[in-house]
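The block underneath contains the structure these notes are about, expressed in structure tokens.
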Amino acid sequence: MIAMRPILTLTKLTLHEAMRRRILLAALLCGLAFLVLFGAGLHAIVSDPRSRAGMTLLERRVMLNFLTLAGLYAVNFLLVMTAVLLPVDTLSGEIASGVIQTVAAKPIRRSDIVLGKWLGHWLVMAGYLALLAGGVLAIARVFGHFTPPHVARGLPLMLLEGTVLLTLSVAGGTRLSTVTNGILAFGLYGLAFIGSWVEQIGTLTGHDTARYVGTIASLIMPTEAMWQLAAFNMQPPIMRELAATPFSPASVPSAAMVVWAAAYAAVALAIGVRAFTKRAL
Amino acid sequence: MEMILETRSLSRRFGDKLAVADLSLSVARGEVFGFLGPNGAGKTTSLKMLLGLIEPSSGAGTVLGRPLGDRLARRRLGFLPEHFRFQEWLSGREMLEFHGRLLGLGGAALRDRIEQLLERVDLADSAHRAIRTYSKGMMQRIGLAQALLNEPELVLLDEPTSGLDPLGRLLVRDMIHELRDRGTTVFLNSHLLGEVEATCDRVAFVKEGRTVRELRLDDAPSGLEVALRLGDGGRSAEALEGLARFGTRLAHGDSVVRLRVESERAAPEIARWLVARGIEIYELRTVRPSLETLFLEVMGDDQRPG
């Protein structure tokens, strides 16, 4: 466990930094504002007598599920932003300013620096997701007496999505400048996002080429596929079959895509460690 | 003599620019070694290769008996980079704690060491403040404390006084003297010649990525300079030629002739020779060539400000 110590020292510093630099505070305030809005909206809808009167129990469940997924979709968006922006300058910034020099001249491995920072940011991101997604689910539970199905499958998929982006952002920082790194990560995310819609439309209209384009986009960047799969899991079969909402994908990513996403993050981290180890500081 | 640091033909290329061409150095334990050269001569790149921050393109070396870049050797090293920057949101004390833990230190031993160093660099009363509020001098001092946390055997300092006021320079100079008294080896990168003259035992001049000359500062291998201010007769071609036999003529201006001579004994001989020829002497003094003179000689006329 001696070998873990430098990693944990850097993880601790990263957590300390997130706290001290008020990055986390800003993210939490945004999240909190969103939760308040979501709670007020959901409460207004479920307590409106019109939505009580004319609805079957099933319709009401579908509506609540849709609203909860909409809330989680907003959490997904905040998660994507946080995963990219939180660590985007952690390496490139310290390389540019020279802060990294005295750190890397210590009796530690270069990989300790990358892994320690990665772990610190991952913990912050995971905590952020737990808080926001937990908030949405708690609000749905309290105001709507509703919990979507398979939350235990959906949330880890969202976490995996965030992990892929966060890892890309950390790894990119070993070689790229902060701005280039941010643009690349968001660019890839955008590519996957559009690709996923092309795939959905291609599936609905029976265009195979469009489907392939989407699949290729998901291979290049498996983030949107993870959200699709998470949303697919967190709704009852009836809702999926009706394809009644934008959260009911026509083309469902396969389980192999989950393995691909996990491997993607692992390889990105390994490449990042290697690039940083070779780099002149 | 135990060598604490040795390199053989180190080079480093960045793209098509050769930053360090051929660096062969040895530094003995306990020495204060000055690495001198104009800006852009490859000093920082050289130092970073010694620390393992930059991998050499070719060549090899050892630091504290281990190959360059060795992790365990870094345990016994201290380093203050030129453009020292630290996590500015940390307080001075927190920054030292963080660096101490990276060195494998901890507990009461680390806490005591930190307080002792804060006292030494006169920052005990600002140690709780965020580093971003520090002045440049304070930054440099906390940086020095950081470099000494592990009581290193070898301290590498890159331009440690550039940008400091005279008091700050004096403190750095004193600390280097203290380190030498304690037997710590100091490797000092600098282009400030006065500073090097005041602190170093031995210097190497580096030019365009090559070491061009090494010398000990306590012996003066380049001899002495004699400056003469003479009457009219002293400026005749005959007199100048006559003077040349006492040493190398360096320059002669309106009334001053400068000669490079082997030893002090040349001075009375020159005086006798001049008096015998009836040449008036208004001034005759011997000066040790300053490091600056040596620097300019070694670097040659082709150097332009870096």
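Residue numbers (numbering that gives the first Met the number 0), protein chains in the order written: chain A, 0 to 280; chain B, 0 to 305.
C-beta atoms are modelled at their ideal positions from N, C-alpha and C, and glycine is treated no differently.
Treat the numbers as computed from the prediction; the structure is a model and nothing was measured.
- Around L280(A), the beta-carbon contacts reaching into chain B at under 8 Å are K47, L52, I53.
- Taken in chain order, the unbroken stretches of alpha helix (DSSP H) that lie wholly in the stretch 86 to 129 of chain A and span 4 residues or more are 91 to 96, 98 to 103.
- Excluding its 5 nearest sequence neighbours in each direction, K47(B) has C-beta neighbours in its own chain below 8 Å: I53, listed in chain order.
- Distances from the alpha-carbon of D217(B) to those of R248(B), V31(B), Y133(B) put V31(B) closest.
- Residues of the stretch 94 to 125 of chain B whose Cβ lies closer than 8 Å to any Cβ of chain A, in chain order: F97, H98, R100, L101, L102, G103.
- Annotated three-state conformation of P66(B) is strand, per DSSP.
- Under the DSSP definition of a beta bridge, F186(B) partners with F32(B), L155(B).
- For P80(B), the residues of chain A that pass the 9 Å Cβ criterion are G97, Q100, T101, A104, in the order they occur in the chain.
- With a threshold of 8 Å between beta carbons, F85(B) makes contact with chain A.
- The residue from L153(B), D164(B), Q115(B), P151(B) with its alpha-carbon nearest to that of Q139(B) is D164(B).
- Under the Cβ criterion of 8 Å, L12(A) is counted among the residues facing chain B.
- Taking C-alpha positions only, G77(B) is separated from A103(A) by approximately 12 Å.
- Listed by position along chain A, the residues whose Cβ is nearer than 8 Å to that of W88(B) are E16, R19, R20.
- About 17 Å separates the beta carbon of L178(B) from that of V202(B), a gap too long to meet the 8 Å contact definition.
- Of the candidates M174(B), L49(B), M0(B), E263(B), the residue whose Cα lies closest to the Cα of T61(B) is L49(B).
- Only buried fits H98(B), as 16 or more other CB atoms lie within 10 angstroms of its CB.
- Taking a C-beta distance under 8 Å as the contact criterion, R284(B) and A226(B) qualify as a contact pair.
- Taking a Cβ-Cβ cut-off of 9 Å, the neighbours of L71(B) in chain A comprise P106, given in sequence order.
- Between the alpha carbons of E152(B) and V266(A) lies a gap of roughly 39 Å.
- If you draw a straight line from the Cα of V260(B) to the Cα of P80(B), it comes to about 40 Å.
- Taken through DSSP and simplified to helix, strand or coil, I280(B) comes out as strand.
- A straight line joining the alpha-carbon of F185(A) with that of M220(A) spans about 11 Å.
- Taking 8 Å as the threshold, the shortest C-beta distance from R74(B) to chain A falls below it.
- For the set I138(A), A43(A), G30(A), A230(A), the Cα lying nearest the Cα of L78(A) is the one of G30(A).
- Counting the other CB atoms within 10 Å of its CB gives Y281(B) a total below 16, which places it among the exposed residues.
- With its beta carbon less than 8 Å from one in chain B, P5(A) belongs to the interface.
- Judged by DSSP in its simplified three-state form, M54(A) adopts coil rather than helix or strand.
- As the crow flies, the alpha-carbon of A132(A) is around 22 Å from that of S168(A).
- Within the model, the alpha-carbon separation for E118(B) versus L147(B) is close to 13 Å.
- The beta carbon of T173(A) does not come within 8 Å of any beta carbon belonging to chain B, so the residue lies off that interface.
- Counting C-beta atoms within 10 angstroms of its own C-beta, A108(B) has fewer than 16 neighbours from the protein chains shown and is therefore classed as exposed.
- In this structure, S247(A) sits near M238(A), with a CB-CB distance shorter than 8 Å.
- The residues E224, in chain order, have a CB closer than 8 Å to that of T292(B) in the same chain once the five nearest residues on each side in sequence are set aside.
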